[in-house]
Amino acid sequence: MRGGPAAVDPETALAVTHVTDMRSQTQLIAGRYALRSLIGRGGSAAVWHADDRELRRAVAVKHIVLGAAGSTRSRMRAMREAQAAARLHTPGVVRLYDVHEDGDDVYLIMELIRAPSLLRMVRRHGPLDVDHAAAIGRSILTTLVAVHDAGIVHRDVKPSNVLVAETGVYLTDFGIALLGDDPTLTAAGSVLGTPAYMAPEQARGARVGPSADLYGLGATLYFALEGCAPFAESGSLATAQAVRDQPHRPGRSLGRLEPIVEALLVKDPAARPDAAVAAAALDVAAGPLVIDPPPCPPQAEPEDDPSSLPPPPSHADEDRRQLRRTLLWAGALLLLLAAALALLFVAIRDHPEVPATAATLAPAWLWVVRRDGPHGLM
């Protein structure tokens, strides 16, 4: 089955680290998953590179520490991620292999995707070009369609939850996903999500639907092209307020994607394009796939160039050429006949005792004449 992520959000309280914990590295989870190295840590979760000793494969282990405070909600969030996994069967979501609980700890065993997040890619290499961003956006959108068809709203679409691998683009972290009509994860008056990328209705604490994920896609595309979020205030509360009430900062590098990004970032969820319209817009904006053209064919010789050929001859010209050819053949045959007669004359003069005629001396292969002119030599 497919589900939760093998990535941790570095935008949360704790930055990604690479600490060494020998006890954890040698620890076996569920008696089979040996932790090797820490991939990342954020909030109450850490993701480890591990070995599945039974199936002899590399996996990712997401360790969620429940703790005493808020343990019920933390467990609910972890299990919600696993439940989302059970519903999703699409290439754009990381596969979930197993779930293990041990006291106040929950472990999600997942497919290991060796790829950077979109967040890290842009921070390391700079904003993407329009074609690359459109292709990534199209892949995310394809995954979101499958997610929504399964009755799930992700609610946290953002650059750090998008992995860009050679095998494809993956949407990760379904920890705050809304499953169907179940509202139990969100307490009254609370707001879940990342303020810089959450939809305005989500920032208000209102009920959200698939349109909120499309807003997140628009904000993610904005980041991919501009190198920053549409809103970046000094704190989470100020950012959430700006998302609700203020226009986002104008984009300078959106290029051909500007119309669709602006449409996805409108405040009113009913005014945003649906997935089908967004997909068509991304396809058009990305343009056709560019393939290296084949080598140019060799230039045609002038006589092969139709533009340099003379116009087709008229009937009068053709008749004149036919008459000229006939006269030339006739002249040549007359010369041959004269030569044959001269040979005959010499032969009779030198050998008067041998009766001869032109028919016996003229070779049979000399020529053949038809009524319409000479046919050729035989």
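First residue of the sequence shown? That's 1287 in the numbering used here, and the numbers climb one at a time after it.
Built from N, CA and C at the ideal position, the CB exists for glycine as well.
Item	Value
CA-to-CA distance, Leu1551 to Ala1278, given in whole angstroms	Lying outside 1287 to 1664, the shown extent of the chain, residue 1278 is not represented and no answer is given.
Three-state class that DSSP yields for Arg1320 in the structure shown	For clarity, residue 1320 is Ala in the given sequence; the question names Arg instead. Ala1320: strand per DSSP, three-state reduction.
The beta strand (DSSP E) enclosing Arg1343, as first and last residue numbers	1343 to 1351
Per DSSP, the bridge partner or partners of Ile1315	Tyr1319
Straight-line Cα distance separating Ala1564 from Asp1388	43 Å
Coarse secondary structure for Val1547, derived from DSSP in three states	helix
Three-state secondary structure assigned by DSSP to Met1396	strand
Any 3 or more C-beta pairs closer than 8 Å across the stretch 1420 to 1433 and the stretch 1495 to 1513	yes
Cβ-based neighbour list, Leu1405, same chain, cut-off 6 Å, excluding 5 preceding and 5 following	Pro1445, Ser1446
DSSP three-state assignment for His1386, whether helix, strand or coil	strand
Counterpart residues of Gly1437 in DSSP-defined beta bridges	Answer by DSSP bridge pairing: none, since Gly1437 is not bridged.
Nearest to Val1529 (by Cα), restricted to the options Lys1553, Arg1410, Val1547, Ile1546	Lys1553
Residues sharing a beta bridge with Leu1507, DSSP	Its beta-bridge partners do not exist; DSSP assigns none.
For Arg1318 and Pro1516, the rounded distance between their alpha carbons	44 Å
Alpha-carbon to alpha-carbon, Leu1568 and Arg1542	9 Å
Residue environment, Val1439, which counts as buried when at least 16 other CB atoms sit within 10 Å	buried
Coarse secondary structure for Asp1417, derived from DSSP in three states	helix
Distance between Met1484 and Gly1495 (C-alpha atoms, nearest Å)	12 Å
Spatial neighbours of Gly1378 in its chain, beta-carbon cut-off 8 Å, leaving aside the 5 residues before and after	Ser1425, Ile1426, Thr1428, Thr1429, Ala1432, Gly1454, Val1455, Tyr1456, Leu1457
In DSSP terms, what Ala1451 is bridged to	Gly1454
Test item: CB-CB of Ser1403 and Val1448 under 9 Å	yes
Ser1403 - partner residues in DSSP beta bridges	Leu1449
Cβ-Cβ distance between Glu1519 and Gly1537 below 9 Å	no
Residue span of the alpha helix (DSSP H) that contains Ala1566, given as start and end	1561 to 1572
Limits of the alpha helix (DSSP H) - the one that Ala1526 falls within	1522 to 1531
Rounded straight-line distance, which links the Cα of Ser1539 to that of Ala1549	16 Å
Length of the line joining the Cα atoms of His1349 and Asp1531	37 Å
Check whether Gly1461 and Arg1366 have beta carbons under 9 Å apart	yes
Per DSSP, cross-strand counterpart(s) of Leu1465	Ile1438
Separation of Val1351 from Ala1401, as counted between CA atoms	25 Å
Same chain, Cβ closer than 8 Å to Thr1358, neighbours up to 5 away in sequence not counted	none
Residues of its chain near Leu1503, where Cβ-Cβ distance is below 8 Å and the 5 sequence neighbours each way are ignored	Gly1423, Ile1426, Leu1427, Leu1430, Val1443, Leu1550, Ala1564
Leu1321 vs His1335 beta-carbon contact at 9 Å	yes
Nearest to Gly1328 (by Cα), restricted to the options Ala1557, Asp1459, Ser1522	Asp1459
Opening and closing residue of the beta strand (DSSP E) in which Ala1336 lies	1331 to 1338
Within 9 Å, strictly: CB atoms of Ile1395 and Asp1384	yes
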